[in-house]
Amino acid sequence: MDSMITSRDEEMEEAAPQKAEEGKKKSIIVILVGAPGSGKSTFSEDVVKTSSRSWLRVCQDTIANGKTGTKAQCLKKATDALNDGKSVFIDRCNLDREQRSEFLKLGSPHVDVHAVVLDLPARLCISRSVKRTGHEGNLQGGKAAAVVNRMLQKKELPKLNEGFSRITFCLNEKDVEEAVKTYGAIGPLDTLPSGYFGQKNPDAKVQLGIMKFMKKVEPPNSSSKDPVSKQESKETNPSSKEQDVVAFSAQNTDKNIKTDGNSREHSAAGSVTTNDIPTLAFPSISTADFQFNHEKASDIIIEKVEEFLDKIGNGRLVLVDLTSGSRILNLVKVKAEHRNIDSSKFFTFVGDITQLYTKGGLHCNVIANAANWRLKPRGGGVNAAIFNAAGPALEISTKEAAGDAGCIEPGSALTVPLPSTSQLHKREGVTHVIHVLGPNMNPQRPDCLNSDYDKGCKILREAYSSLFDCFASIVRTLTEEFNKDPSKSVSAVPSSPIDQRSKREGVFESDSNKKYKGPKVEVGVQQKSESTQRLTGDGTAKVWGSWAQSLHRIAMDPEKYNKDVLEISDDVVVLNDLYPKAQKHLLVVARKDGLDRLTDVRVEHLPLLRTMHNIGGKWAMKLISDEPSLVFRLGYHSDPSMRQLHLHVVSQDFNSKHLKNKKHWNSFNTAFFLDSVDVIEEIEKCGKAKLNDNESLMSVELRCNKCRSAHPNIPHLKSHISRCRAPFPSNLLQNGRLVVAPNGSGAEA
DNA sequence: GTTCTAGAAC
DNA sequence: GTTCTAGAAC
């Protein structure tokens, strides 16, 4: 690592192609991203002209015998070409994630998926489109402006976590030229380094949406009187980072939106991604100055990464080295691919570990330092670079964290919170530095192991374990803080005024079931006047509209609805939710009259609740045995729409056309949804269930139930959850809140 | 609870 | 022009 500092600047730029592993030929699929007129066709043609590789350009505008074809045709042609060992350009706009997703699936250990983003000024694209006479897309004349503008509205810049191994941003024609050169120079056996190249902030466009949907929010008061403690807890919390974004955008909305990705000057903590994933960037330990064997070291890195990926929650690990020619980096990269390690959770990155955000567009809230045993800023390499970039604040925090000893043992690691005053924190968004000391194989340095690799490997393993343990602990803290109060980050919209409330009491209460409207005829003509007012357990009146009665009716007389119910016992009725909000969504309905909802439940109902839980769990297991990837949650709504206590047994994919709005999502994915295990525990302890404020919970922003990222609307959210591979957050993994397949694999999926 | 739809947002 | 939300009716 010591050589890292020398030629930093040129190394950050486009790197020359590097030879792939001997004899191993890798195809590349380049997904071009750009509006009409951005130059996608020209780009691919220029590369094809100069390249010694065999390329195929798949152009949707011409694929059907010279006419516009379909995405499916493009996919087919691309697949065939890749099978032939060719590399492929996908020449279509590919401006949103959805459009790209199918093509990303063509990636494999033998096929790298790259994106080249032709993000040229809209004006230029429009004028080219307008001027264009013989263009294949037949997009001419004045319409072009409207079309280009509309398409750019939908633009979602690609990100590595979609599955790309490399993304190149071109903001002007010079960038395009460079990219043509880079791609034109890749020979049949070459590969290009992974990571972001060119532009810096792939989240810019997404932010626009997020800012807009949050704009109701009042900017929090950012003038903290206690910069150390307050900033610290604020900025280590991924959710409250959003608050920073909100505050920032609320005050600078226009300016901020218009910078659209070019806001390199903005501080990382204030303007970067809103859905930051906890990320640890770490250098290879001991392989530079300490001269540890690279082959052995890369095996250990892979081994430890694999071991820890499950233990770091939704966090990511990134091995960083300064040069694209780094041997250790490439060894690890190849081995990671071989082992099929999830590339969204672990990848390699070429760049300066002290400038990953500002120069590489990669946001890492934690970085590791290949420290020396005294934890001093001296020496060269990563250690000096990090101390240098962080400023004196890191030295002070390090001293505090190290305590009296003031040094660390080989194989151990030490987490140091980085004060918000540090440049590295302000500029790069780094909140913690983890010092880690590896084994030394260099006779010139103290404590040399003299080639004793038995000992060396053991210590190196310990070093990575300690490092990843420290990171896991940071992720846990973040997750806990977030789970304690997810709404805190949200700039909660003020809860609704009284008039709205009363409206809901009367009318908004639901009845899910059209299907059950049939039987209603039997029940009587008095549909309209059927609404029931009852005193609930806590003495408040609850009016149940006529539409809210169907579960109650079924519970009272299940035989009548035989064809709709899955199971009837003395205590419960089990049925499929008529409007399932996920692939599988059952209801376990209590049959006891008078037990309308959770507020009515008391200690004497505990046996019934346990029965409901057990029967729900039994059905979940049955469904899992049919489809092991399903993961279930069992729970109650704080304030249900339907009369008669019912337990939801709902699979966590939320893949359903019936999930349509914010209320649907939030009623299953905020504290409005009370896990059955917790409800039982609470009643055992306190005699009744603790309910949560449903009104405000229904209006919190939409967050992924796995990685907790925020999304501006339901379609975006649904598109995200269909792809999100993050593990479930730790709070759900505890206490048996999730019902998963016996081997547990579902929860990871 | 869903459906319908106006109009806001993009 | 199309997408999306949210309020009203049921």
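Counting in numbering that gives the first Met the number 0, the first sequence tops out at residue 748, every number present. The beta-carbon is built from N, C-alpha and C at its ideal position, and this holds for glycine as well. On a predicted model such as this, the values are computed, not experimentally measured, just so you know.
Please classify Cys-685 as buried or exposed, where buried requires at least 16 neighbouring CB atoms within 10 angstroms.
A residue is called buried once 16 or more other Cβ atoms fall within 10 Å of its Cβ, and Cys-685, having fewer, is exposed.
Exercise. Classify Pro-416 as buried or exposed, calling it buried when 16 or more other Cβ atoms lie within 10 Å of its own Cβ.
Key: Buried.
Please list, in chain order, all residues of the same chain as Thr-49 whose beta carbon is under 6 Å from its beta carbon, the five residues on each side excluded.
So the qualifying residues of the chain are Gly-183.
Between which residues of its own chain and Arg-91 is the CB-CB distance below 6 Å, once the five residues before and five after are set aside? Gln-59, listed in sequence order.
Review point. Which residues bound the beta strand (DSSP E) around Tyr-560?
Key: Run containing Tyr-560: none; DSSP gives neither H nor E here.
For the 8 Å Cβ check, are there 3 or more pairs between the stretch 322-342 and the stretch 382-398?
-> Verdict: no, contact absent.
Starting from the C-beta of Ala-335, find all residues in its chain whose C-beta is less than 7 Å away, skip the five residues before and the five after it, and write them out in chain order.
The beta carbon of Ala-335 is closer than 7 Å to those of Ile-301, Phe-345 in its chain, skipping five residues each way along the sequence.
- prompt: If Leu-644 sits next to Asp-677, beta carbons under 8 Å apart, how far is it from one beta carbon to the other, in whole angstroms?
  reply: Not quite, the Cβ-Cβ distance comes to about 16 Å (not below 8 Å), so this is no contact.
| task | Can you have a look at Arg-99 and say buried or exposed, based on whether 16 or more other CB atoms are within 10 angstroms of its CB? | result | Burial state of Arg-99 is buried, judged by a 10 Å Cβ sphere holding 16 or more other Cβ atoms.
Can Ile-473 and Pro-277 be called in contact, C-beta distance under 8 Å?
Pro-277 sits close to Ile-473, with the two beta carbons spaced by under 8 Å.
Just grab the DSSP bridge partners of Gly-634 for me. Answer by DSSP bridge pairing, in chain order: His-647, Asp-674.
ask   = Of all the options Pro-192, Gly-360, Trp-543, Ala-383, which has the alpha carbon lying nearest to the alpha carbon of Asn-371?
value = Comparing alpha carbon positions, the residue from Pro-192, Gly-360, Trp-543, Ala-383 closest to Asn-371 is Ala-383.
**Prompt:** At a cut of 8 Å, does the stretch 167-181 reach the stretch 144-151 through at least three beta carbon pairs?
**Reply:** Remark: fewer than three beta-carbon pairs, one from each stretch, lie closer than 8 Å, so the stretch 167-181 and the stretch 144-151 are not flagged as touching.
Please go through the same chain and pick out, in chain order, the residues whose beta-carbon is closer than 6 Å to the beta-carbon of Ala-554, but skip the five residues on each side of it. Around Ala-554: Val-572, Val-588, Arg-590, Gln-643.
Practice problem: From the DSSP output, read off the bridge partner residues of Ser-107. | Solution: Ser-107 is bridged to Val-110.
Legend entry - Residue environment, Asn-512, which counts as buried when at least 16 other CB atoms sit within 10 Å: Residue confidence is low: Asn-512 scores 33 on pLDDT, short of 50, so the model does not pin down where it sits. Its coordinate-derived value is still stated next. The C-beta of Asn-512 has 16 or more other C-beta atoms within 10 Å across all chains shown, which makes the residue buried.
Report task. Sort Ile-125, Leu-191, Lys-154 by Cα distance to Thr-167 and report the nearest one. Result -> From the listed residues Ile-125, Leu-191, Lys-154, the smallest Cα separation to Thr-167 is found for Leu-191.
- Compare the beta carbon distance of Val-349 and Gly-197 with 8 Å and say whether it is the shorter of the two. No, they are not a contact pair.
- What three-state label does DSSP hand Ser-549 in the structure shown? DSSP places Ser-549 in helix when its eight states are reduced to three.
field: Straight-line Cα distance separating Val-630 from Asn-742
entry: Taking the straight line joining both Cα atoms gives about 12 Å.
Problem set entry | Beta carbon of Met-611 nearer than 8 Å to that of Ala-547 | In this structure, Ala-547 does not lie closer than 8 Å to Met-611 by Cβ.
Local conformation of Gly-84 per DSSP, three classes:
Coil, per DSSP.
- What is the residue span of the beta strand (DSSP E) that Pro-750 lies within? As displayed, the chain neither begins before 0 nor continues past 748, which places residue 750 out of reach and without an answer.
**Spatial distance of Leu-318 from Ile-284 (CA atoms)** = Cα atoms of Leu-318 and Ile-284: separation of roughly 10 Å, rounded to the nearest angstrom.
**Request:** Would you identify the three-state DSSP class for Val-429, choosing helix, strand or coil?
**Result:** Val-429: coil per DSSP, three-state reduction.
**Prompt:** For Thr-478, which residues of its own chain have a beta-carbon under 6 Å away from its beta-carbon, when the five flanking residues on both sides are left out?
**Reply:** Same-chain partners within the cutoff: Gly-312, Pro-728, Ser-729.
DSSP three-state assignment for Phe-345, whether helix, strand or coil: Reduced to three states, the DSSP call for Phe-345 is strand.
Spatial neighbours of Arg-315 in its chain, beta-carbon cut-off 6 Å, leaving aside the 5 residues before and after:
Counting only Cβ-Cβ distances below 6 Å, and skipping sequence neighbours, we find Ile-276, Thr-278, Lys-344.
Worksheet item: On the three-state DSSP scale, how would you describe Arg-49?
Response: Note that residue 49 corresponds to Thr in the displayed sequence, not to Arg. In the three-state scheme derived from DSSP, where H, G and I count as helix and E and B as strand, Thr-49 is classed as helix.
Hey, would you say Ala-71 sits closer than 8 Å to Ile-89, going by beta carbons?
It is not a contact, given that the beta carbons lie outside the stated cut-off.
Thinking C-alpha only, which one of Gly-324, Ala-400, Lys-303, Leu-159 is nearest Leu-466?
Of the listed residues, the one whose Cα sits closest to Leu-466 is Lys-303.
Segment contact flag, the stretch 653-664 with the stretch 708-719, C-beta cutoff 8 Å, min 3 pairs | Yes, they touch.
| request: Identify every residue that forms a DSSP beta bridge with Tyr-195. | output: Tyr-195 is bridged to Ile-166.
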